[in-house]
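Worksheet: one structure, shown below.
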Amino acid sequence: METAEAPAKKTSGFRDTLLFTLGGIVVALLVHAFVLQSFYIPSESMEKTLLINDRVMVNKLAFTFGSVDRGDIVVFKGWDGEDTIKRVIGVGGDVVKCCDAQRRITVNGTPLDEENKYLYPGVYPSGRQFEVKVPQGRLWLMGDNRSNSLDSRAFLDDGHYGTVSEDDVIGRAFARYWPLSRLSWLSPPETFSAVH
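Under numbering that gives the first Met the number 0, the residue at position 23 of the sequence shown is numbered 22, and the numbers go up by one with no gaps.
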């Protein structure tokens, strides 16, 4: 009788292992599809904050239960249809302008102190003059390396003033996890808290 029970236990153990493995795969796929996703940085447009080949974790539910905020770093379907990562400078209703007498970008008349916070060293906030009132439900986005960023400024004549629909946002980048030496949280800089 002991020998008859052994194969049944082996079969049961194999079935349990298979079910746990399949369950884990399903959970991982659901998390990837609806909650968290990893993105790598393919270009220098977000330096100094994000370098080429950095990897970031993106919360895909961040804006399901909250709003997109100025200063957020977001992944979105870009102007060419590709996944793109930029910083939100203006949200619906904001007037984003370049530049004031000190060469700062202003949002609703409030100058942004960007140079020593996240901009690439030595670059100006923008080399191109513009003034845009961001339509409701849309975002004005810019890279941190303004001299090497194809962002809202490049698409001013696209019929939407270079803005991107909030519906095209995939999620908010909240952590840089690779390389391990650059592990850090990505939170909006304080300069945006002064904007009303």
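Where a beta carbon is used, it is the ideal one built from N, C-alpha and C, also for glycine.
Fair warning: this is a prediction, and the values are worked out from it, not measured in the lab.
Under the assumption that residue i contacts residue j (Cβ atoms under 8 angstroms), give the Cβ distance between them as a whole number of angstroms.
i: Glu165; j: Val67; result: 6 angstroms
i: Val133; j: Gly89; result: 5 angstroms
i: Ala172; j: Val87; result: With 8 angstroms as the limit, Ala172 and Val87 do not qualify as a contact, their Cβ atoms being about 11 angstroms apart.
i: Leu162; j: Arg137; result: Looking at the sequence shown, residue 162 is not Leu but Thr. Indeed, because the Cβ distance is near 4 angstroms, the residues count as touching under 8 angstroms.
i: Arg127; j: Arg152; result: 5 angstroms
i: Gly92; j: Gln135; result: 6 angstroms
i: Arg145; j: Asp53; result: Not confirmed; about 18 angstroms, so no contact.
i: Phe75; j: Asp167; result: 5 angstroms
i: Cys98; j: Pro124; result: 6 angstroms
i: Phe62; j: Lys96; result: 25 angstroms between Cβ atoms; not a contact.
i: Arg69; j: Phe154; result: Contact flag wrong, Cβ pair sits at about 19 angstroms.
Which residue comes first and which comes last in the beta strand (DSSP E) that contains residue i?
i: Thr83; result: 82–89
i: Phe129; result: 129–132
i: Cys97; result: 94–97
Give the DSSP-derived three-state secondary structure of residue i in the structure shown.
i: Ser37; result: strand
i: Phe62; result: coil
i: Thr105; result: strand
i: Arg69; result: coil
i: Gly126; result: coil
i: Ala100; result: coil
Name the DSSP beta bridge partners of residue i, please?
i: Phe75; result: Thr83, Val168
i: Arg54; result: Tyr39, Trp177
i: Leu118; result: Lys47
i: Pro110; result: Thr105
For chain B, check one thing: does any of its Cβ atoms lie closer than 9 angstroms to the Cβ of residue i?
i: Glu189; result: The structure shown contains no chain B; it is built from a single protein chain.
(message) Which runs of the beta strand (DSSP E) at least 3 residues long sit entirely within the stretch 136–189? Give them in chain order.
(response) 137–141, 168–177
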